[in-house]
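J.:
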Amino acid sequence: HTIKVVAQDTENQISSDIIVVTVQNQAPNQPPQITITSPHDGDTVTGIITITVDANDDKGIEEVRFFAGITEIGSSSTAPYSLVWDTTNLPNGIYDLQARIRDTGGLTSGDTIQINVQNEISTQPLVLSFIGDRSVDENDLLEFTISATDPDGNELTYSASNLPEGASFDEITRTFSWTPTDQQSGVHENVHFEVTDGELTDSEDITIIVNDVDQPPEQTLQKEVPVKLIPGHSEPGEISPVKEEKNIADSPETKPKSKTRTFISGSYAGHINEYKQVIKHYIRSKNKSLISGQVHHQQRYDALVEKYLQKTRIIENWPNLR
Numbered sequence: 107h108t109i110k111v112v113a114q115d116t117e118n119q120i121s122s123d124i125i126v127v128t129v130q131n132q133a134p135n136q137p138p139q140i141t142i143t144s145p146h147d148g149d150t151v152t153g154i155i156t157i158t159v160d161a162n163d164d165k166g167i168e169e170v171r172f173f174a175g176i177t178e179i180g181s182s183s184t185a186p187y188s189l190v191w192d193t194t195n196l197p198n199g200i201y202d203l204q205a206r207i208r209d210t211g212g213l214t215s216g217d218t219i220q221i222n223v224q225n226e227i228s229t230q231p232l233v234l235s236f237i238g239d240r241s242v243d244e245n246d247l248l249e250f251t252i253s254a255t256d257p258d259g260n261e262l263t264y265s266a267s268n269l270p271e272g273a274s275f276d277e278i279t280r281t282f283s284w285t286p287t288d289q290q291s292g293v294h295e296n297v298h299f300e301v302t303d304g305e306l307t308d309s310e311d312i313t314i315i316v317n318d319v320d321q322p323p324e325q326t327l328q329k330e331v332p333v334k335l336i337p338g339h340s341e342p343g344e345i346s347p348v349k350e351e352k353n354i355a356d357s358p359e360t361k362p363k364s365k366t367r368t369f370i371s372g373s374y375a376g377h378i379n380e381y382k383q384v385i386k387h388y389i390r391s392k393n394k395s396l397i398s399g400q401v402h403h404q405q406r407y408d409a410l411v412e413k414y415l416q417k418t419r420i421i422e423n424w425p426n427l428r
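Each residue of the sequence shown is one higher than the last, beginning at 107 in the numbering used here.
(1) In whole angstroms, what is the alpha-carbon distance linking aspartate 256 and glutamine 136?
(2) Could you spell out where the beta strand (DSSP E) holding glutamine 139 opens and where it closes?
(3) Express the C-alpha separation of aspartate 217 and phenylalanine 173 in angstroms, rounding to a whole number.
(4) Over what stretch of residues does the beta strand (DSSP E) that includes glutamine 220 continue unbroken?
(5) Aspartate 288 by DSSP, collapsed to three states: which one?
(6) Counting beta carbon pairs with one atom in the segment 239-253 and one in the segment 194-205, are three or more of them shorter than 8 Å?
(7) Measuring alpha carbon to alpha carbon, tell me which of Leu189, Asp243, Ile125 and Ile120 ends up nearest isoleucine 154.
(8) Counting pairs of beta carbons, one from the segment 223-243 and one from the segment 256-271, are three or more of them closer than 8 Å?
(9) Per DSSP, which one or two residues make a beta bridge with serine 267?
(10) Using the three-state DSSP reduction, which class does asparagine 118 fall into: helix, strand or coil?
(11) Please classify histidine 294: is it buried, with 16 or more other beta-carbons within 10 angstroms of its beta-carbon, or exposed?
(12) Tell me, please, which residues DSSP counts as bridged to valine 190.
(13) Quick check: the Cα distance between glycine 259 and threonine 307, rounded to an integer number of angstroms?
(14) Would you list the one or two residues that DSSP bridges to aspartate 202?
(15) Use the C-beta contact count for valine 223: other C-beta atoms within 10 angstroms, 16 or more gives buried, fewer gives exposed.
(16) Comparing alpha-carbon positions, which option in Ser215, Thr287 and Thr285 lies nearest valine 170?
(17) Tell me the rounded alpha-carbon separation between isoleucine 140 and leucine 196.
(18) What's the C-alpha gap between glycine 272 and threonine 287?
(19) Put asparagine 317 into one of helix, strand or coil per three-state DSSP.
(20) Rounded to whole angstroms, what's the CA-CA distance from isoleucine 312 to valine 297? Just pull it up for me.
(21) Are aspartate 208 and proline 138 closer than 9 Å when you measure CB to CB?
(22) Give the list of continuous alpha helix (DSSP H) stretches no shorter than 4 residues that lie fully inside the segment 234-262.
(23) Report the three-state DSSP secondary structure of asparagine 162 (helix, strand or coil).
So, in C-alpha cells, the structure goes:
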C-alpha cells in the first residue's frame, strides 16, 4: 500500500512524502473438510470392513474419529485416516456411520452415511447336555441340574414342562426337584427339558421311574383278644405284624411305665416277608444305629438282619426262614 504524507506550517509552507506499507495478515482459519469414501451410503456390509475417508485442512489435521450411531468405534491421527471395523459383533440392522475431523486450530466438521449390517447367523449347534432317564424310590428326593453348551456364547434360557405332580424346576439354578409320594409309584414319561439362545433350541424328554417300596401293613391289636405263640407249632393263616408306630394302650389297673417285647426261640409258620417286617421293626426299636433310613438292597438287608439275629440269638433257626 502507498501512503502520501503532507505537512503544512502556520505560514502555509507545505512539505510531503510518499511511503509504501506492506500488509501481511494471515487468512482466517477455515474448518477442515472430510468425506467418507468407503463404504458408500446405502451399502450392505458384512464381516470385517475398512472405512476410508478423504480429509484435508489448511492448517493441519489433528484427529479423525469414527462412530456407529452414538458409539465410537475407533480413531486415526495419521494419513490416510482409515479404520478397520469388525461388524460381526453387532446385531444385524441399519447403522449411521459417521466420521468426524478436528484440525490443529480446534475447528471440526463431519460426514455421515447409512449402512446395512447383514452378517450370516451362526449355525453352530446349541447342545443340551445329556440328562437320561432317572429312577427314585417313593418318598425319596430326586434332584439334578441340567446344563448346555453354546459355541456362540449367547445367553441361554432353560425350561421344563410335563412335570409330575409335586415336581418343580428352577429356571435360574436349572435344578429339577421332586419327592414322589406313596401313590406316585410307576413310570412317568415325556418329562420335557429345553434350552434356547433365542434363535436355536435343543431339548430332551426323559422317563422317571418311581420304585414301589414295600410298606409294613397297618394292623390293630384287638383289645382283650389273647394271642399265643407256641414254639414248634403252626396254625393255618398268616402272621400280621403290628407296626412299631402303633400305640398299645396301658392297662388301667397296672399302668406300666415301660413296655417290653419278647421273642420266643422256635419256628413260626407264616410268610417270610412278614417275618422280615417283624424283625425289621424290632431291630429298629432296639438298635436304630444298625439300620437307619430305607434299605434299598434286599441282600444287604438280609445280611444285616442275620448278623443281628446271630448276635442276639432271638431266633436261632433264622436261616430256615429265608
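Where a beta carbon is used, it is the ideal one built from N, C-alpha and C, also for glycine.
T.: Taking the definition as stated:
(1) Residue 256 sits at position 150 when you count from the first residue of the sequence shown. Residue 136 sits at position 30 when you count from the first residue of the sequence shown. Distance between the alpha carbons of aspartate 256 and glutamine 136: 54 Å.
(2) Indexing the sequence shown from 1 puts residue 139 at position 33. Per DSSP, glutamine 139 belongs to the beta strand (DSSP E) from 139-144.
(3) Working through the sequence shown from its first residue, we reach residue 173 at position 67. Working through the sequence shown from its first residue, we reach residue 217 at position 111. Using only the alpha carbons, I get a separation of about 10 Å.
(4) Here the question's residue 220 lines up with position 114 in the sequence shown. Start and end: 214-223.
(5) Taking the sequence shown and counting its residues from 1, one reaches residue 288 at position 182. Three-state DSSP puts aspartate 288 in a helix.
(6) no
(7) As a working mapping, residue 154 is identified with position 48 in the sequence shown. If we check each option's Cα against that of isoleucine 154, Leu189 comes out closest.
(8) yes
(9) For the purposes of this step, residue 267 is identified with residue 161 of the sequence shown, where counting begins at 1. Here serine 267 is bridged, per DSSP, to His298.
(10) Position 12 of the sequence shown, counted from the first residue, corresponds to residue 118. Correct three-state label for asparagine 118: coil.
(11) For the purposes of this step, residue 294 is taken as residue 188 along the sequence shown, with counting starting at 1. Buried, by the Cβ-count rule.
(12) Along the sequence shown, one-based indexing puts residue 190 at 84. Paired residue(s): Thr156.
(13) As a first step, residue 259 must be located in the sequence shown, where it is residue number 153. As a first step, residue 307 must be located in the sequence shown, where it is residue number 201. Distance between the alpha carbons of glycine 259 and threonine 307: 14 Å.
(14) Counting from one through the sequence shown, the residue named residue 202 turns up at place 96. Beta-bridge pairing links aspartate 202 to Gln220.
(15) Along the sequence shown, read from residue 1 onward, the residue named residue 223 stands at position 117. Flag for valine 223 reads buried.
(16) In the sequence shown, residue 170 corresponds to position 64, counting from 1. Nearest of Ser215, Thr287 and Thr285 to valine 170, Cα basis: Ser215.
(17) For this step, residue 140 is matched to residue 34 along the sequence shown. For this step, residue 196 is matched to residue 90 along the sequence shown. Near 26 Å, if we compare the C-alpha coordinates of leucine 196 and isoleucine 140.
(18) Residue mapping note: residue 272 aligns to position 166 of the sequence shown, counting from 1. Residue mapping note: residue 287 aligns to position 181 of the sequence shown, counting from 1. Spanning the two alpha carbons is a distance of roughly 9 Å.
(19) Here the question's residue 317 lines up with position 211 in the sequence shown. In the structure shown, the three-state DSSP call for asparagine 317 is strand.
(20) Position 206 of the sequence shown, counted from the start, is the residue given in the question as residue 312. Position 191 of the sequence shown, counted from the start, is the residue given in the question as residue 297. Answer to the nearest angstrom: the Cα atoms are 5 Å apart.
(21) Within the sequence shown, the letter at position 102 stands for residue 208. Within the sequence shown, the letter at position 32 stands for residue 138. In the sequence on display, residue 208 carries arginine and not aspartate. Yes, the Cβ-Cβ distance between arginine 208 and proline 138 is below 9 Å.
(22) none
(23) What you label residue 162 is simply residue 56 of the sequence shown in a count that begins at 1. Asparagine 162 falls in the strand class under three-state DSSP.
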